[in-house]
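Peer 1: Chains as they are written, first to last, in our numbering: chain U, 3 to 608; chain V, 140 to 528. From the three backbone atoms N, C-alpha and C, an ideal C-beta is built for every residue, glycine too. Just so you know, these numbers come straight off a predicted model, no measurement behind them. The structure's right below; bear with me while I get my questions together.
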């Protein structure tokens, strides 16, 4: 199992097996702190507590000092040992002291108990399989399946959900027998008693309207952000920043430039097609910050080569098109830095997605008007081309509940396009399951602002299952550690305690905008538009990836095994290539899933 | 201590007339309210008149407060700045009739009136400084300090804030006298235990400012509970941050060990001070140059009840709590350090007892009569200067 994880930890490997219980934990390591002394798994002085750990504990210097004052003796400088001693002090409550991205396993030999934990936001993965009182866990699904090859089968419901969301919603996986430990959860296992799982952290949920003095709020957020950057800059290896030209990464770079003792290195990625290029904005920011700036262009020939490699190796399928450029910039940066800071999570925590504001407005309009008035207003608005897009969009989506409107918005209405594309293996599914699963994950709206509720949904669903899968897998594939600055407990708790109106003021993500140093980010022509993550997938599917897609249709597992309908998808591909129609919203997830499924079935991409 | 009482220039008999100006006065709750009232009541050497805003229940309170109090009513929904402007104008108008020899402004927002009265009547001005208001309005603070004959600051931390604000705005502050806040010391402070088996950690204070560290307490609580499962955190006080703290408690899975009591009567609060094993308020320095805890009366109150305290090792708490003597000072941003200090006091009853006893002795030296005596000396000094200068 450890060998399969090699790319996640190229520098070292270790296994501890407990002879009495038959429990063993293993680890592979990417050396970032205490490069020589951080061998894992690691135990306390008398070998009664063993820990294997994946990730990074940013506040480990403080914790180490506190523990040392309490008489603990440290053999290494790494963060794994901090876990061991913290566990000795506090048992499972220790997780509350940790600031970082992590999953870890602790074997308590005396209590004969295994503790597994996952960080607050789900930055690091943890897969579980239980059978007959035994528990198997790994930070990769692939390596877990290596040990239990007979689990290697696809769950039709998970494939269905994947097609709708373009990611596999947790805590399930694509494989029926394997699940994930949800973010902010811990699990204890004892022989004979099995598993006990509980949540140890969730973002605060009940903000009330409050007149916060904006000035002091911004000051507080800035302080927390500086702390987040400062602690994430600590490494025994070079650290850089991924700069997209958007607000979030610009803010991260600005604070990092302030907090860093050496000249900052920034990295950005651009394309040779599609007319969308953020590299110029990133270059201007880098220039203003005086960073050592690197620009990589993901060219079309490279896309053809990279897509099969990356999309098939995401551990679970992932239809997020930004995985490709992220992998490209990570690979480019890796010889220069081992750690990079990124701005992920800001949109979910601080209300950055425009749909939050639009759907909230739509809900208010809907709530305020009687049905017939809504209908005729909708008719008028549809004819009034000059009106704001928000109003028109809200009318178009008006009759559906907020949850479904949001879903259709983020998933490009894929759930309505399933039927003709599905093959016999998916055809028999209950097509409402996706919605009911989502609804149960979302909880009750309870009359609160729709935007707040959607932000929470994204924090629990989209963030860990899409955004963080992308950042973790794409960067770890090239053994680079990507640290998300905004995913900081204090910042998240502050963000969660604020009135939604504070977040959505102006063009949204008001606090992030307010923290940005003035004059750093060049004005966008035509006002603010969120284009930072626009990836030219449509062009790629017409160009460099057209042969890959054809190859998929001809021999891909998805079509050979009857998951999707070859003819229907073929027509979609044909239309996308020949006419101006953009079907990339459907074709990209299909391509990602297809490449992944081929590898899953032991077929290496050509 | 007070050697002579100067007779007001040319006027016969009686004590010097003092006009105490305050925007915060009981029955509304809060620290400045308490200081204002307790001083007004205890300044025996002066003929004191208090000028304060009207509030619900004020007439009832004033009838029994033993202090001559003038209330300024402001029409319903006036915004804060307008109410303060009105209060200042009223102060000036009243002063022209009262002809005080001295004004004591309890908050810098009253300093414009104090300055105007000084100009109009020659009355000397003494200015009180707490902390938060200096960070929020450094320019006004500098103005207030430079216009006052003397200033009273509640801690060295506050003195530093005044000097910093003055330097930044090119003003020269008058003499700064550090006089900490006071407390009442109850005769009966015996521990009260009607919940055997529960170890109560108490926090008292309004829940309006993040810097008071309620959130830090919540982050430390799971660690405390890991070592002292019978611990509970009782929070006396209300404020707009309370719902989000309740949500945070839930998010951290510690809501079963937290009790938000809201605003309670003095009797009930005192009962909790007797029930508690320790009082914790890990105030931190707020971000962005804003000022934090100036003194923290609650630390002194804990001592009055013989309770050890856990406080942040910054700001006014450094004056109010002596580390290892009356309490434990910790880095208020480090949940582990905070948890450890609390656990130490919960587990080590000998230590808790010793710190509590020291706290009680300290409180006895800082009762309101003591504080009033020192304030009176500053006021008389200011009058003296008015005679000679």
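Check for me: the beta strand (DSSP E) holding residue 139 of chain U runs from which residue to which?
Peer 2: Indexing the first chain from 1 puts residue 139 of chain U at position 137. Residues 136 to 140.
Peer 1: Give the residues from the region 165 to 182 of chain U that approach chain V closer than 8 Å (Cβ to any Cβ), ordered along the chain.
Peer 2: Correct list: empty, as no residue qualifies.
Peer 1: Are the C-beta of residue 474 of chain V and some C-beta of chain B separated by less than 8 Å?
Peer 2: The structure shown contains no chain B; its protein chains are U and V.
Peer 1: Using a Cβ-Cβ distance cut-off of 8 Å, determine whether residue 204 of chain U contacts chain V.
Peer 2: Indexing the first chain from 1 puts residue 204 of chain U at position 202. Interface residue, yes.
Peer 1: With C-beta atoms as the reference, is residue 610 of chain U less than 8 Å away from residue 297 of chain U?
Peer 2: Only positions 3 to 608 of chain U appear in this structure, which leaves residue 610 of chain U out of reach.
Peer 1: If you drop the 5 nearest sequence neighbours on each side, which residues of the same chain put their C-beta closer than 8 Å to that of residue 112 of chain V?
Peer 2: Nothing about residue 112 of chain V can be reported from this structure: the residues present for chain V run from 140 to 528 only.
Peer 1: Closest to residue 508 of chain U by C-alpha separation, out of U/266, U/358, U/321, U/224, would be which residue?
Peer 2: Residue mapping note: residue 508 of chain U aligns to position 506 of the first chain, counting from 1. It is U/358 whose Cα lies nearest to the Cα of residue 508 of chain U.
Peer 1: With DSSP as the reference, label residue 379 of chain V as helix, strand or coil.
Peer 2: Translated into positions along the second chain, residue 379 of chain V becomes position 240. Three-state DSSP puts residue 379 of chain V in coil, outside helix and strand.
Peer 1: Using a Cβ cut-off of 8 Å (strictly closer), state whether residue 479 of chain V contacts chain U.
Peer 2: As a working note, residue 479 of chain V is residue 340 in the second chain. Closer than 8 Å to some Cβ of chain U, the Cβ of residue 479 of chain V qualifies, so yes.
Peer 1: Should residue 499 of chain U be flagged as near chain V, meaning a C-beta pair shorter than 8 Å?
Peer 2: On the first chain, position 497 is the one that residue 499 of chain U refers to. So yes, residue 499 of chain U belongs to the interface.
Peer 1: Compute the Euclidean distance between the alpha carbons of residue 154 of chain U and residue 88 of chain U, then round it to the nearest angstrom.
Peer 2: By one-based count along the first chain, residue 154 of chain U stands at place 152. By one-based count along the first chain, residue 88 of chain U stands at place 86. Near 37 Å, if we compare the C-alpha coordinates of residue 88 of chain U and residue 154 of chain U.
Peer 1: Just to confirm my understanding: we take residue 182 of chain V, look at its own chain, exclude 5 residues before and 5 after, and list those with CB closer than 6 Å. What are they?
Peer 2: The residue given as residue 182 of chain V occupies position 43 in the second chain. Excluding residues within five positions, the ones whose Cβ falls inside 6 Å are 511, 515.
Peer 1: Compare the C-beta of residue 390 of chain V with all C-beta atoms of chain U and state if any pair is closer than 8 Å.
Peer 2: Translated into positions along the second chain, residue 390 of chain V becomes position 251. With 8 Å as the cut-off, residue 390 of chain V counts as an interface residue toward chain U.
Peer 1: Out of V/359, V/315, V/263, which has the shortest C-alpha to C-alpha gap to residue 513 of chain V?
Peer 2: As a position in the second chain, residue 513 of chain V is number 374, starting the count at 1. Out of V/359, V/315, V/263, V/315 has the C-alpha closest to the C-alpha of residue 513 of chain V.
Peer 1: Between residue 514 of chain U and residue 249 of chain U, which are expected to be in contact by the criterion C-beta below 8 Å, what is the C-beta distance as a whole number of angstroms?
Peer 2: On the first chain, position 512 is the one that residue 514 of chain U refers to. On the first chain, position 247 is the one that residue 249 of chain U refers to. Indeed they touch by this definition, with Cβ atoms about 6 Å apart.
Peer 1: When you compare each of U/512, U/306, U/420 to residue 597 of chain U by their alpha carbons, which one comes out closest?
Peer 2: Along the first chain, read from residue 1 onward, the residue named residue 597 of chain U stands at position 595. Nearest C-alpha to residue 597 of chain U: U/306.
Peer 1: I want to verify the contact list: residues of chain V whose CB lies under 9 Å from the CB of residue 89 of chain U, in sequence order.
Peer 2: To locate residue 89 of chain U, count along the first chain from 1; it is residue 87. Neighbours of residue 89 of chain U on chain V: none; closest Cβ ~10 Å, over 9 Å.
Peer 1: Evaluate contact between the region 213 to 232 of chain U and the region 159 to 175 of chain U, counting only Cβ atoms and requiring at least three cross-stretch pairs below 8 Å.
Peer 2: Output reads no: the region 159 to 175 of chain U does not touch the region 213 to 232 of chain U.
Peer 1: Please check the pair residue 297 of chain V and residue 433 of chain V, which I expect to be a contact at CB under 8 Å, by giving their CB distance rounded to whole angstroms.
Peer 2: Along the second chain, one-based indexing puts residue 297 of chain V at 158. Along the second chain, one-based indexing puts residue 433 of chain V at 294. That pair is a contact at about 5 Å.
Peer 1: Count the other CB atoms within 10 Å of the CB of residue 571 of chain U; is the residue buried (16 or more) or exposed (fewer)?
Peer 2: By 1-based counting over the first chain, the position of residue 571 of chain U is 569. Label assigned to residue 571 of chain U: buried.
Peer 1: Can you look up residue 192 of chain V in the DSSP assignment and give me helix, strand or coil?
Peer 2: Taking the second chain and counting its residues from 1, the one referred to as residue 192 of chain V is at position 53. Strand, per DSSP.
Peer 1: Which word fits residue 17 of chain U, buried or exposed, when buried means at least 16 other C-beta atoms lie within 10 angstroms of its C-beta?
Peer 2: On the first chain, position 15 is the one that residue 17 of chain U refers to. Looking at its Cβ environment, which holds fewer than 16 other Cβ atoms inside 10 Å, residue 17 of chain U is exposed.
Peer 1: Rounded to whole angstroms, what's the CA-CA distance from residue 352 of chain V to residue 204 of chain U? Just pull it up for me.
Peer 2: To locate residue 352 of chain V, count along the second chain from 1; it is residue 213. To locate residue 204 of chain U, count along the first chain from 1; it is residue 202. When rounded, the distance between both Cα atoms is 20 Å.
Peer 1: Where does residue 76 of chain U sit, in a helix, a strand or coil, going by DSSP?
Peer 2: Taking the first chain and counting its residues from 1, one reaches residue 76 of chain U at position 74. If DSSP states are grouped into helix, strand and coil, residue 76 of chain U belongs with coil.
Peer 1: Comparing C-alpha positions only, which one of U/519, U/78, U/273, U/457 sits nearest to residue 546 of chain U?
Peer 2: The sequence position of residue 546 of chain U within the first chain is 544, counting from 1. Measuring from the Cα of residue 546 of chain U, the nearest candidate turns out to be U/273.
Peer 1: Could you pull out every residue in the same chain whose Cβ sits closer than 6 Å to the Cβ of residue 2 of chain U, ignoring the five residues on either side in sequence?
Peer 2: For residue 2 of chain U there is no data in the structure shown, the boundaries of chain U being 3 and 608.
Peer 1: Report yes or no: is there a C-beta of chain V within less than 8 Å of the C-beta of residue 218 of chain U?
Peer 2: Here the question's residue 218 of chain U lines up with position 216 in the first chain. Answer yes: the Cβ-Cβ gap between residue 218 of chain U and chain V drops below 8 Å somewhere.
Peer 1: How long is the line joining the alpha carbons of residue 426 of chain U and residue 603 of chain U, rounded to whole angstroms?
Peer 2: On the first chain, position 424 is the one that residue 426 of chain U refers to. On the first chain, position 601 is the one that residue 603 of chain U refers to. Rounded to the nearest angstrom, the two C-alpha atoms are 19 Å apart.
Peer 1: Which chain U residues are close to residue 361 of chain V, counting only those with a beta carbon under 7 Å from its beta carbon?
Peer 2: In the second chain, counting from the first residue as 1, residue 361 of chain V sits at position 222. Going along chain U in sequence order, the residues near residue 361 of chain V (Cβ under 7 Å) are 95, 98.
Peer 1: Measure the Cβ-Cβ separation of residue 211 of chain V and residue 192 of chain V and say whether it is below 8 Å.
Peer 2: Residue mapping note: residue 211 of chain V aligns to position 72 of the second chain, counting from 1. Residue mapping note: residue 192 of chain V aligns to position 53 of the second chain, counting from 1. In contact: residue 211 of chain V and residue 192 of chain V (Cβ atoms closer than 8 Å).
Peer 1: Just to confirm, is the Cβ distance from residue 116 of chain V to residue 384 of chain V under 8 Å?
Peer 2: Chain V is shown only over 140 to 528; residue 116 of chain V falls outside these bounds and no answer can be derived.
Peer 1: For residue 126 of chain U, which residues of its own chain have a beta-carbon under 8 Å away from its beta-carbon, when the five flanking residues on both sides are left out?
Peer 2: In the first chain, counting from the first residue as 1, residue 126 of chain U sits at position 124. Here the set comprises 56, 57, 103, 104, 105, 120, 141, 474.
Peer 1: DSSP state of residue 520 of chain V, grouped into three classes?
Peer 2: The count along the second chain starts at 1 and reaches residue 520 of chain V at position 381. It is helical.
Peer 1: Shorter than 8 Å from the beta carbon of residue 92 of chain U to some beta carbon of chain V?
Peer 2: Here residue 92 of chain U refers to the residue found at position 90 of the first chain. Taking Cβ atoms only, chain V reaches closer than 8 Å to residue 92 of chain U, which makes this a yes.
Peer 1: Does the beta carbon of residue 425 of chain V come closer than 8 Å to any beta carbon on chain U?
Peer 2: In the second chain, the residue the question calls residue 425 of chain V occupies position 286. At least one chain U Cβ lies under 8 Å of residue 425 of chain V.
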